[in-house]
Structure formats: C-alpha cells, structure tokens
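**Student:** Per this note's numbering, residue 21 is the first one in the sequence shown, and the count goes up by one each step. Dropping a structure here in structure tokens format, bear with me for questions.
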Amino acid sequence: QKQELFMMRQLEPMTLDGKYITLHANIELPMEADTVLDFGATGIGLYRSEFLFFRKGAPSCEEQAQAYAHILKKLEPHPVVIRTLDAGGDKLVSDISATDEANPFMGWRSIRVCLSRKDLFKEQLRALLLASREGHLRIMFPMISSLDELREAKRLYQECRTQLLNEGVELPKVKVGCMIEVPAAVMMVDARAKEVDFFSIGTNDLIQFTLAVDRTNELIANMFEPHHPAVLNMIDRTVRAAHREGIPVCVCGEMSSDPLSTLVLVGLGVDELSMTPWSIMECKKIIRSVNYEDVKATARTVLKMDTAESVNRYLRQKYLQMIIDLG
Ligand code: PEP
Ligand code: MG
C-alpha cells in the first residue's frame with residue numbers, strides 16, 4: 021500500500037487524453053499539512069480554520085498567524101486555501117456560537133457571525149495576511165448568500181491589508197474566493213464570478229439547501245442525493261459562469277471523492293477537486309483511466325435526466341465495472 025501510494029504520487033492526475041485535474045487536500049488541523057504531499061496532493065483546497073477555535077476563548081491573532089504559517093510553510097510553493105471561520109451549524113464554537121437556535125444550519129453561522137463580530141473577523145484576516153508572507157495563501161469566505169455579504173467581507177479584508185501596509189509590512193498578492201454553498205449563490209452566480217478570484221463549491225451544504233435535506237439527519241440520509249438533477253445543474257451553471265469570467269472552480273464537499281461523482285464533476289468542467297487526503301490516490305487512478313471527451317459527454321447526458329435514480333443507473337452501467345477493476 022505504501023509503495024503504491026509512493027508510485028501514485030509521481031503520476032499526474034491527468035485523463036488519458038491529457039486533461040489535468042488539480043487534486044487538493046481538505047484538512048482540519050494544521051499538523052495534517054505535514055503529510056498531504058505524501059498522499060499526492062499538490063495543495064490544500066480547504067483548511068477548515070474553525071477547528072482552531074474549538075477551545076475556550078478564541079485564539080489570539082499571533083496564535084492564528086503561527087498556525088496558518090505552519091501550513092503555508094509546509095506546502096510552499098503549493099497553494100493553500102484557508103477558509104475563514106465557519107462556526108455554527110453543526111460546528112459550535114464555545115463563546116461564539118449561539119446554542120439555542122431552532123435551525124442552526126440556517127441560523128447565525130459562518131460569514132454571518134464574522135460580519136457581526138467584526139473584531140473577531142478582522143483579527144483572523146490580519147493573522148492570515150501576516151502568515152501570507154510564508155507561502156502561497158488563498159483566502160476563502162464560506163456561506164455567502166448575497167453579494168452584499170461578499171462585498172463587506174472583501175472590504176474588511178482590504179481594510180486589514182491597507183492597515184498592515186501602512187504599518188510597513190510587505191505583503192504578497194493573495195487570491196480571494198468564496199464558497200458556493202447556497203442556491204441563492206448559484207442563481208446569482210454571474211455577478212458573483214466578477215467579484216472573486218475563484219469559486220469553491222461546498223456540495224455538503226449546497227445539496228442540503230437545494231434539496232432541503234438536513235445533512236446530519238439520518239432519517240432522511242437516503243434523500244441526500246449528490247446526483248439529483250437540481251444539484252448537477254447548479255454545479256454546471258456555476259462552472260459555466262466561472263469559466264466565462266476566467267476563474268477556476270473547485271469542489272471541496274464530500275462528493276468530490278465519490279468515484280462516480282468524480283467523473284461527473286470532471287465532465288462538468290470542474291478544475292479542482294479537494295478531498296480528504298486518503299481519497300486522493302483512488303481519485304487519481306480514476307481520472308487517469310478515462311477520456312475527458314467521454315466524461316464530458318457523460319455529464320451532458322446526465323444533465324438532461326430528470327431523476328437521480330436515472331442518473332445513478334446510467335453512471336453505474338457505464339463506469340462501475342471500470343471502477344471495480346481499478347480496485
Ligand atoms: C461543504 O459544505 O461542502 C463544505 C466543504 O463545508 P463544510 O462541510 O465544512 O460545511
Ligand atoms: Mg459548508
């Protein structure tokens with residue numbers, strides 16, 4: 021297994037006809053950064069920074085800067101996408117999150133917390149900017165449902181940046197992107213694509229909100245369907261809008277590492293997939309065994325289907341044997 025991992029690490033995540041798909045890792049703890057390159061990742065597509073906040077009292081600006089710098093140094097020169105605090109929902113952060121909400125996933129969470137607790141948010145942005153001198157940082161805002169929120173987050177980012185520059189700190193350019201995780205984002209995706217340097221689709225939340233299926237509720241787990249035509253069409257719309265503006269699209273939800281979903285996402289034109297490091301090797305094998313032209317045709321076919329069941333039947337018929345053969 022270890023040897024195979026090593027062998028795969030050398031191989032490019034490229035389809036038979038030469039389409040390169042960037043494979044990045046999702047991490048939750050800074051020390052995970054120490055090993056992601058061994059798994060064959062060429063960057064970090066999602067560092068869930070809220071895990072730093074799972075303790076009593078928020079981490080100081082210096083502590084945060086140190087944690088971010090650790091990750092950036094380990095990965096240099098590869099890119100690291102650090103997502104700003106995504107507290108709330110199922111990730112309650114003591115001292116910050118509200119604990120008595122009827123619908124926490126749709127409540128006071130994520131960017132909403134950051135925009136009303138600007139002290140916290142600016143401290144994180146300052147820490148990120150300070151750390152940006154240590155490697156290749158990209159900053160990403162989660163759960164943005166309106167352009168106003170995105171503009172306000174960007175304004176605060178600029179404010180922190182200007183302040184540091186005025187203090188004489190030299191800063192490299194940092195790309196700023198946002199997650200696409202709510203249907204409103206997809207409906208207004210053209211305008212949003214003009215405002216950011218990249219998109220990252222959070223399919224865990226996007227599926228939850230598109231299908232109105234609580235991602236943590238086991239009673240309806242079978243309804244949480246990544247291949248629902250509504251979800252696939254949302255991804256397609258997002259990719260097309262991004263590419264019209266010349267920005268890349270990543271998918272960083274669980275869906276990116278399911279073998280059949282990987283093929284659909286690649287076929288839809290997604291540029292990057294970010295996933296748990298353990299899935300990267302398998303994903304690379306799958307990408308290396310198909311033609312881009314073929315998965316593009318598959319994506320066009322399934323986009324026209326009207327139920328998840330027909331999509332799944334079609335995908336299994338076409339690719340399951342290949343995936344089983346790959347082991
Ligand atoms: C997502 O929603 O798909 C995502 C990657 O973010 P999280 O799972 O942390 O909500
Ligand atoms: Mg999410």
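Beta carbons: idealized from backbone N, C-alpha and C, even for Gly.
Helix, strand or coil, according to DSSP, for Glu-215 in the structure here?
**Tutor:** Within the sequence shown, the letter at position 195 stands for residue 215. Coil, per DSSP.
**Student:** Please report how far the alpha carbon of Gln-228 lies from the alpha carbon of Thr-236, in whole angstroms.
**Tutor:** For the purposes of this step, residue 228 is taken as residue 208 along the sequence shown, with counting starting at 1. For the purposes of this step, residue 236 is taken as residue 216 along the sequence shown, with counting starting at 1. Each residue's alpha carbon lies about 9 Å from the other.
**Student:** For the candidate residues Glu-215, Gln-30, Gly-38, Leu-95, whose alpha-carbon lies nearest to that of Asp-314?
**Tutor:** The sequence position of residue 314 within the sequence shown is 294, counting from 1. Here the closest residue by C-alpha is Gly-38.
**Student:** Closer than 8 Å is the cut-off here; do at least three beta carbon pairs connect the stretch 77 to 91 with the stretch 138 to 148?
**Tutor:** Segments in contact, yes.
**Student:** If you count every other CB in all the chains shown that lies within 10 Å of the CB of Gly-347, and 16 or more means buried, which is it?
**Tutor:** Counting from one through the sequence shown, the residue named residue 347 turns up at place 327. The residue in question, Gly-347, is exposed, as its Cβ has fewer than 16 Cβ neighbours within 10 Å.
**Student:** Do Val-284 and Thr-318 have their C-beta atoms within less than 8 Å of each other?
**Tutor:** Working through the sequence shown from its first residue, we reach residue 284 at position 264. Working through the sequence shown from its first residue, we reach residue 318 at position 298. Yes.
**Student:** Let me know the beta strand (DSSP E) ranges lying completely inside the stretch 150 to 229, each 3 residues or longer, listed in chain order.
**Tutor:** 156 to 161, 195 to 200, 218 to 221, all fully within the stretch 150 to 229.
**Student:** Does the beta-carbon of Gly-222, which I'm using as the reference point, lie nearer than 7 Å to any heavy atom of the ligand MG?
**Tutor:** Numbered from its first residue, the sequence shown carries residue 222 at position 202. Within the cutoff, so yes.
**Student:** Comparing the CB of Ala-61 with every heavy atom of the ligand SAH, is any distance shorter than 7 Å?
**Tutor:** By its list of ligands, the structure shown excludes the ligand SAH, since it contains just the ligand PEP and the ligand MG.
**Student:** Regarding Glu-265 and the ligand PEP, is the C-beta to nearest heavy atom distance less than 7 Å?
**Tutor:** As a working mapping, residue 265 is identified with position 245 in the sequence shown. No - the ligand PEP has no heavy atom lying nearer than 7 Å to the Cβ of Glu-265.
**Student:** Cβ-heavy atom distance between Glu-179 and the ligand MG below 7 Å?
**Tutor:** Walking along the sequence shown from the start, residue 179 turns up at place 159. No, Cβ of Glu-179 sits at least 7 Å from all heavy atoms of the ligand MG.
**Student:** Check this for me: beta carbons of Arg-68 and Asp-106, under 8 Å apart or not?
**Tutor:** Within the sequence shown, numbered from 1, the residue matching residue 68 stands at position 48. Within the sequence shown, numbered from 1, the residue matching residue 106 stands at position 86. Cβ atoms of Arg-68 and Asp-106: closer than 8 Å.
**Student:** With which residues is His-44 paired in a DSSP beta bridge?
**Tutor:** As a first step, residue 44 must be located in the sequence shown, where it is residue number 24. The partner list for His-44 (beta bridge, DSSP) reads Ser-294.
**Student:** Among residues of its own chain, excluding the 5 on either side of Asp-256, which ones have a beta-carbon nearer than 7 Å to its beta-carbon?
**Tutor:** Translated into the one-based positions of the sequence shown, residue 256 becomes position 236. Closer than 7 Å at Cβ, skipping near neighbours: Leu-288, Leu-323.
**Student:** Classify Cys-270 as helix, strand or coil using the three-state DSSP reduction.
**Tutor:** The residue given as residue 270 occupies position 250 in the sequence shown. It is a strand residue.
**Student:** Glu-82: buried (16+ other C-beta within 10 angstroms of its C-beta) or exposed?
**Tutor:** Here residue 82 is taken as the residue at index 62 of the sequence shown, counted from 1. Exposed.
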